[in-house]
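Novice: The structure under discussion is supplied below as structure tokens; questions concerning it will follow.
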Amino acid sequence: MAAQLSIDQSIAEQASAVGHEIYGLIERLYPICRSITGPGLRASIAMLREIVPLEVDEVPSSTQVFDWTVPPEWRISEAYVEDPGGKRIVDFSRSNLSVVSYSTPIDTVMSLDELRPHLHSLPERPDWIPFRTSYYTPNWGFCLPDRVLQSLSAGKYRVVIRSSLAPGSLTLAEHLHRGATPDEVLIFAHTCHPSLCNDNLSGVAVATYLARFLSERPTRYSYRFVFAPATIGSIAWLARHEAELSRIRYGLVLSLLGDAGPFHYKLTRKGDHEIDRALRHVLLTQQREAKVLPFSPWGYDERQFASPGINLPVGRLTRTPNGEFAQYHTSADDLGYVSPEALGESWLTCLRAMEALENNVRYLNLSPKGEPQLGRRGLYRSTGGYQNIPERQFALLWVLNQSDGQTSLLEIAERSGLSMHLLASAANDLERAGLLQAISDRATEQGGQDGDGATTPS
Ligand code: ZN
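When you number the sequence shown by my numbering, it's gap-free, plus one each residue, and the end is 465.
Have a look at this one:
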């Protein structure tokens, strides 16, 4: 049996400390002006690279990726609006949300009436700055608090955006953790938003620390972490790796993992895949308020992975979903909106999901006629440091009873209501006692691994 991830109490106790590290990474990434291309995106990837090794792929502008074309690279150095008195009422140096992402350059003077269609605010949240983009339609604009907009008086305004849209590249980055089998679990986080914490520095930073955690451990599956701009980035990555997609067994898009809201798992296109059942089980056994959402062809990059020509089972894990919290895509999605505690809990939840997938094996009871005598084998005792002895014994009995070679551990978890961690550890003990045998899953266990040898089956 290949080595499988086990997320025990000692790892759970690290969640708070890791949450603070994740938050620290978000604090460093937050000030950078990111977009779907450009130096801010590259600088952010360089920062992640200090934590985990990343392979970077620069996709040149104008490259055709499926039905899309990689846009020119956007760079910006300065942008502001001066009122008739010469006061800067909007300044990119104060907030990189102040400029519509991908704004074309401009340096002119115009009336307030001419300027107004290019100013964006949120009347219902007069102190917040909205996040706006114009990636594929050449345009320019500024975002500002509605309170400032309402205070403007008629007159001539100086409008300056020192930006460029020129041939360059779009930055993709990935980290591969090699497991005992070449079957891959894809973890995707979008990297293109500027100073917004929950969407999606939380996803980027949690994924980075998941990669770092796995790099020190043997696993059954290989894990491919992909960091790419939303939509054009996932499409570019898919187009450049189309020949290798069959290795992906399933995947998870990570976003919005830093707020205090309950977890929300969005089902894959098919909706009843192994990853759907694993996430449903992990979330609902851990958090009463957690919700499972139906698939829909909008949202984040799960919709690219779910397009009919790609058709990969990729779900999505968030806390409060996109568009369902007021701070979404505004300056209020800041360092105060996310917390180390929520980030640490999200990290641990992702690990529990990985643990459930890794341990979802079918077993055969080798002593199936009547219950085997557990006491004689030292299994039916209150030893071993397990705090909840009855649950531990239930787990042994459930695994023995259901292990007919057809029933997976996840099915046993669903039926018993016991956690995958408990059932996997019970199965491990039963296997060691010679009472249980894992049934090889041909799809995952036949291939050898000729990689870097960093992880090997135990
Ligand atoms: Zn977003």
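The C-beta atom is built at its ideal place from N, Cα and C for all residues, glycine as well. A quick note: this is a predicted structure, and the numbers were derived from the prediction, not measured.
Are the stretch 257 to 268 and the stretch 348 to 362 in contact at 8 Å, needing three or more beta carbon pairs?
Specialist: In short, these stretches touch, since the Cβ pair count reaches three.
Novice: Closest to Glu331 by C-alpha separation, out of Asp206, Glu362, Gly45 and Glu365, would be which residue?
Specialist: Closest by alpha carbon: Asp206.
Novice: Can you tell me the Cα-Cα spacing of Ile255 and Leu300, whole angstroms?
Specialist: Using only the alpha carbons, I get a separation of about 23 Å.
Novice: Name the DSSP bridge partner or partners of Ile446?
Specialist: Partner(s): Arg369.
Novice: What first and last residue would you give for the alpha helix (DSSP H) that runs through Arg7?
Specialist: There is simply no residue 7 to check, as the chain begins at 8 and stops at 465 in what is shown.
Novice: Between His280, Ala339 and Ser241, which lies nearest to Leu194 when the distance is taken from Cα to Cα?
Specialist: Note on identity: in this sequence residue 194 is Ile, with Leu being the wrong assignment. Taking only the C-alpha atoms, the option nearest Ile194 is Ser241.
Novice: Less than 6 Å between the CB of Asp206 and some heavy atom of the ligand ZN, yes or no?
Specialist: Because some heavy atom of the ligand ZN lies under 6 Å away, the Cβ of Asp206 counts as near it: yes.
Novice: Out of Asp15, Ser176, Ile83 and Gln311, state which residue places its alpha-carbon closest to the alpha-carbon of Ser69.
Specialist: Measuring from the Cα of Ser69, the nearest candidate turns out to be Ser176.
Novice: Kindly indicate which residue of Arg295, Thr226, Tyr87 and Gln157 has the alpha-carbon position closest to the one of Ser105.
Specialist: That would be Tyr87, whose Cα lies nearest to the Cα of Ser105.
Novice: Using the Cα positions of Val77 and Ser141, report the straight-line distance between them to the nearest angstrom.
Specialist: The alpha-carbon atoms of Val77 and Ser141 are separated by roughly 14 Å.
Novice: Would you mind listing the alpha helix (DSSP H) stretches within the stretch 151 to 178 that are 4+ residues and don't spill past its ends, in chain order?
Specialist: Within the stretch 151 to 178, the complete alpha helix (DSSP H) runs of at least 4 residues are 153 to 157.
Novice: Determine the closest residue to Asp429 out of Glu131, Leu156 and Pro397, with distance taken between C-alpha atoms.
Specialist: Going by the sequence as given, residue 429 is Leu instead of Asp. If we check each option's Cα against that of Leu429, Pro397 comes out closest.
Novice: Expressed to the nearest angstrom, what Euclidean distance is found between the alpha-carbon atoms of Asp173 and Gly45?
Specialist: Before going further, note that residue 173 is Ala rather than Asp in the sequence given. One C-alpha to the other measures close to 10 Å.
Novice: Under the rule that 16 or more other beta-carbon atoms within 10 Å means buried, what is Arg227, buried or exposed?
Specialist: By the 10 Å Cβ count, Arg227 comes out buried.
Novice: Do the stretch 310 to 318 and the stretch 182 to 190 meet, that is, are 3 or more Cβ pairs less than 8 Å apart?
Specialist: No, the stretch 310 to 318 does not touch the stretch 182 to 190.
Novice: Sort Pro60, Ile58, Ile14 and Ile83 by Cα distance to Ile39 and report the nearest one.
Specialist: The shortest C-alpha separation from Ile39 is found at Ile83.
Novice: Roughly how many angstroms separate the alpha carbons of Asp308 and Arg276, rounded to a whole number?
Specialist: Cα to Cα, Asp308 sits roughly 12 Å from Arg276.
Novice: Once you ignore the five residues that flank Ile14 on each side, which residues in its own chain have a CB closer than 7 Å to its CB?
Specialist: So the qualifying residues of the chain are Leu358, Arg359, Glu362 and His428.
Novice: For Leu324, write down the residues that DSSP places opposite it in a beta bridge.
Specialist: BP columns for Leu324 point to Leu261 and Tyr272.
Novice: Would you report the Cα separation of Glu20 and Thr356, rounded to the nearest angstrom?
Specialist: Between Glu20 and Thr356, the C-alpha separation is close to 13 Å.
Novice: Could you check how far apart the C-beta atoms of Met90 and Leu159 are, in whole angstroms? I think they sit under 8 Å.
Specialist: Before going on, a small fix: residue 90 reads as Asp here, not Met. Their Cβ separation, rounded to whole angstroms, is 7 Å, which keeps Asp90 and Leu159 in contact under 8 Å.
Novice: Going by Cα to Cα distance, which pick from Leu437, Val368 and Gly322 is closest to Leu259?
Specialist: Out of Leu437, Val368 and Gly322, Gly322 has the C-alpha closest to the C-alpha of Leu259.
Novice: Suppose contacts are defined by Cβ-Cβ distances below 7 Å. Is Ile52 in contact with Ala212 by that definition?
Specialist: Taking 7 Å as the Cβ cut-off, Ile52 and Ala212 do not qualify as a contacting pair.
Novice: Checking the sheet assignment: what are the DSSP bridge partners for Met117?
Specialist: Paired residues: Tyr164.
Novice: What is the rounded straight-line gap between the Cα of Trp354 and the Cα of Asn329?
Specialist: Each residue's alpha carbon lies about 19 Å from the other.
Novice: Run through the DSSP bridge pairs and tell me what Asp283 is partnered with.
Specialist: Answer by DSSP bridge pairing: none, since Asp283 is not bridged.
Novice: Would DSSP call Ala333 helix, strand or coil?
Specialist: It is coil, neither helix nor strand.
Novice: Please report the straight-line C-alpha distance between Phe401 and Arg41, rounded to a whole angstrom.
Specialist: When rounded, the distance between both Cα atoms is 51 Å.
Novice: Helix, strand or coil, according to DSSP, for Gly412 in the structure here?
Specialist: The answer is strand: DSSP assigns Gly412 an E or B state.
Novice: Checking the sheet assignment: what are the DSSP bridge partners for Phe232?
Specialist: Answer is His182 and Ile194, bridged to Phe232.
Novice: Helix or strand or just coil, what does DSSP make of Thr144?
Specialist: Note: Thr144 maps to coil in three-state DSSP.
Novice: Between Ala313, Thr327 and Glu251, which has its C-alpha nearest Tyr272's C-alpha?
Specialist: Selected option, being the one with the closest Cα: Thr327.
Novice: Write down the C-beta distance between Gly162 and Leu119 rounded to the nearest angstrom, noting that I regard them as a contact closer than 8 Å.
Specialist: The pair is a contact, with the Cβ atoms about 7 Å apart (cut-off 8 Å).
Novice: Kindly list the residues whose CB is nearer than 8 Å to the CB of Pro201, restricted to its own chain and excluding five residues on each side of it in sequence; keep chain order.
Specialist: Closer than 8 Å at the Cβ level, and outside the excluded window around Pro201, lie Ile39, Cys40, Arg41, Ser42, Gly47, Asn103, Leu104, Ser108 and Phe138.
Novice: Return the residue from the list Gly385, Pro130 and Leu156 that minimises the CA-CA distance to Arg123.
Specialist: With distances taken between Cα atoms, Arg123 lies closest to Leu156.
Novice: Is the stretch 413 to 420 in contact with the stretch 362 to 371, if contact means three or more CB pairs nearer than 8 Å?
Specialist: Yes, the stretch 413 to 420 is in contact with the stretch 362 to 371.
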